[in-house]
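For the sequence shown, our numbering gives the first residue as 4, with consecutive numbering after it.
Cβ coordinates follow ideal geometry from the N, Cα and C atoms, glycine included.
Presented below is the structure to which this report refers.
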Amino acid sequence: MSRHFFSDGAFQLAKNSVFATIRDIHRNSQVYLLAGSALGILAYALLAKRHPMLAPHKFLFILLTFALGPGLLVQIMKIVFSRPRPGFILEFGGDLHFSPAWHLGGECTRYCSFPSGESAVAIAMLSVLVFFPIAWRWLAALVLVPLMVFVSFNRVMLGAHFLSDVTLAWFVMIPLMLWIWSVLSRNRDRIDDAVWKAGEKMRARLHGTRS
């Protein structure tokens, strides 16, 4: 697949400003999502009344998905498998040997390829679906999933990752997200109550009441 985007000694789309902009928007959006999630938990603790739309366990789901997925698991796998990126291998003008997916002992020492961190982030973005009502969740998924798939495949077109880096990142993230949500949803009342209780003193100062 990577060969389809390599010609005249380079991955030509890597020079395309549109694809580069798409990548930048995606990378910046995760910062706002994570900051917004942290602020959502804080707002739940400090507002005068509980707001179900600000349920802390849902925001915590987003934060843990990013922390345990792209932040931890993906980075460990990059070190363990040490797969060079397409642009670093001999076939595409680099000086390292190609390493198959799941092959241990690749020659990469940093900025390794497997699995794709940005593809893992793209799938992690789907954690926002928990904020949609169940009746609307599938419709929202029909809009978000194609966007995240395109953002992920964008990395292949730019020559930054192999197709297997992208697809296997999805298969690593999806079970992890399902597991995190199962744990949090079982303990949602306990989590939400703990956040509400933690903000009790500050709410008393802000609103002059105790609850």
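Asked                                                                                                             : Found
For residue 128, the nearest candidate out of 160, 12, 193 and 64 (CA to CA)                                      : 64
Boundaries of the alpha helix (DSSP H) in which residue 180 is found, first to last residue                       : 166-189
Residues near residue 157 in its chain [Cβ-Cβ closer than 7 Å; skip 5 each side]                                  : 22, 25 and 26
Pair within 8 Å by beta-carbon distance, residue 99 and residue 111                                               : yes
Contact the stretch 40-60 vs the stretch 180-199: 3+ CB pairs below 8 Å                                           : yes
Same chain only: Cβ atoms within 6 Å of residue 119, ignoring 5 sequence neighbours per side                      : 158, 164, 168, 169 and 172
Proximity below 8 Å, CB of residue 79 to CB of residue 126                                                        : no
Segment limits, alpha helix (DSSP H) that includes residue 39                                                     : 20-49
Counted within 10 angstroms of its Cβ, other Cβ atoms place residue 151 as buried (16 or more) or exposed         : buried
Beta carbon of residue 47 nearer than 8 Å to that of residue 199                                                  : yes
For residue 107, three-class secondary structure by DSSP                                                          : coil
Environment of residue 29 [buried if 16+ CB atoms lie within 10 Å]                                                : buried
Proximity below 8 Å, CB of residue 87 to CB of residue 96                                                         : no
Buried versus exposed, by CB contacts within 10 Å (16 or more), residue 81                                        : buried
Closest residue to residue 76 among 205, 130, 174 and 55 (Cα-Cα distance)                                         : 174
Range covered by the alpha helix (DSSP H) that runs through residue 68                                            : 59-71
Outcome for residue 73 when other beta-carbon atoms lying within 10 angstroms are tallied against a minimum of 16 : buried
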